[in-house]
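Accompanying notes for the structure given below.
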Amino acid sequence: MQVLRFWAPLVATALVATGCSMARLGYDALPTWVHWQVERYLDLDEAQRDIVGRNVDQLHHWHRRSQLPEYGAFLRKVDDRLRTPVESSELGLWRDRVGAAWEELAERLAPGVAELGLTLREEQLKRLRERFADANEKLREQWLPKEGQTREEARAERLLKRAEFFLGRLSAAQKREIGALAAALPPTEEAWLAEREARQRGLLRLLEQLRREQPTRAQARAMSREYLLGMWKSHEIRRGQRIERSVGAGDEFAVRVLAMATPKQRAHLSKLLTGFAEDFDALSARAGAQAHAGAAGETVRAAAR
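Take the sequence shown: its letters are residues -23 to -1, 1 to 282, numbered as in mature numbering (1 follows the signal peptide of the UniProt record, and there is no 0).
What follows is the structure, given as structure tokens:
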């Protein structure tokens, strides 16, 4: 999440794509990937696989038709704006747009989370808790290395890789400057890890409550919706304040990195953003064509009866 907070405003679709040239393939494969991840974390039974498959397919269909056109339009606006210097406050506005996209997605996610949560067994939640712990330990090793690198060096390495993804090849001077800027950022890795763990505990509490209390479907949906809508909000005041300051510093970092970009690097970024936008337009158009073909087929079948 620390890297995401710097760059998510530039690629609002990071949740739904794997890379610029692979966006279409990655998006089409997303239901399979999500299903595999849920299976890996929970070890589903057959009925639960049906629940996950049905809900993921419905969500994917809705997202493709209603959200991807908005993402494409947003990325084109960002691309147009990045042709001239930007202010850190503008990145905050773009991040708000990303947050609004999450709220719409959360509303659609809640019914599926509720339906699955009502079927979970105690041993599945134990498995989920263990999987979270393993993933957190791996991330902690990357962000807070005990050997070989300092925390600042690890942070600089992560952000240099991210800068090269967006801008292409960096000069030696740019690498030195970006590395120095990254190393000077507020040391908030522990705060971000703590937020991640707090979100996981919140999810575990929700799923345990659904399993134990077996509320009505409507109540379960309301509980799931409340968790999902508040998932990215810090519930610990001091930690939240540290993260807020860190986000501000990250915006300034991103602005300074963009300011040092050469015309060739800006062209690389523009190609990246427009490539995403074009892929999302194509994916959305294909969904519309499939829906039209399906409706036409139903009409023909009805007429033949």
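Beta carbons: idealized from backbone N, C-alpha and C, even for Gly. Bear in mind that the values here come from a model prediction, so they are computed numbers and not experimental data.
Where residue i falls, given that 16 or more other Cβ within 10 Å makes a residue buried
i, result
"L235", "buried"
"H40", "buried"
"E166", "buried"
"R178", "exposed"
"Q218", "exposed"
"W71", "buried"
"A273", "Any reading at A273 must be qualified, since the residue scores a pLDDT of 45, below 50, and its modelled position is unreliable; no value is offered."
Cβ shell of residue i (< 7 Å), same chain only, five flanking positions each side left out
i, result
"Q25", "L93, T96"
"L260", "R1, Y4, R41, L45"
"Q151", "M237"
"E80", "L206"
Through-space distance from residue j to residue i, alpha-carbon basis
i, j, result
"R31", "T9", "12 Å"
"Q101", "E118", "26 Å"
"M237", "R139", "15 Å"
"I214", "L162", "21 Å"
"E99", "P88", "21 Å"
"A262", "E107", "41 Å"
"A199", "R188", "15 Å"
"E64", "K210", "24 Å"
"D256", "L246", "15 Å"
"D27", "A231", "43 Å"
"A133", "R243", "21 Å"
"R176", "N113", "12 Å"
"I155", "L137", "7 Å"
"G225", "E67", "11 Å"
"H38", "R202", "20 Å"
"A50", "R58", "13 Å"
Cβ-heavy atom distance, residue i to the ligand ZN, below 7 Å
i, result
"K210", "Of the ligands one can find in the structure shown there are none, so the ligand ZN has no counterpart to examine."
Where the alpha helix (DSSP H) through residue i begins and ends
i, result
"T165", "No alpha helix (DSSP H) contains T165, which DSSP labels as neither H nor E."
"V87", "Note that residue 87 is Ala in the sequence shown, not Val. Counting along the chain, the alpha helix (DSSP H) containing A87 begins and ends at 65 to 94."
"T9", "7 to 19"
"residue 300", "Since the displayed the chain opens at -23 and closes at 282, residue 300 lies outside it and no answer follows."
"L59", "It is not in any alpha helix (DSSP H) - L59 carries neither H nor E in the DSSP assignment."
"L36", "23 to 39"
"L97", "Counting along the chain, L97 falls outside any alpha helix (DSSP H), and DSSP gives it neither H nor E."
"M200", "194 to 206"
6 Å CB neighbourhood of residue i in its chain, flanking five on each side removed
i, result
"A83", "L205, L206"
"E129", "A160"
"residue 285", "Because the chain spans -23 through 282 in this model, residue 285 falls outside it and cannot be assessed."
"F109", "Q177"
Nonlocal neighbours in the same chain, by C-beta distance under 8 Å from residue i, ignoring five residues either side
i, result
"R216", "A168, A171, E172"
"E141", "L147"
Starting from the N-terminal side, write out each stretch of the beta strand (DSSP E) that is 3 residues or longer and does not extend beyond the region 114 to 164. If we require 3 residues or more, the region 114 to 164 turns out to have no beta strand (DSSP E) run fully inside it.
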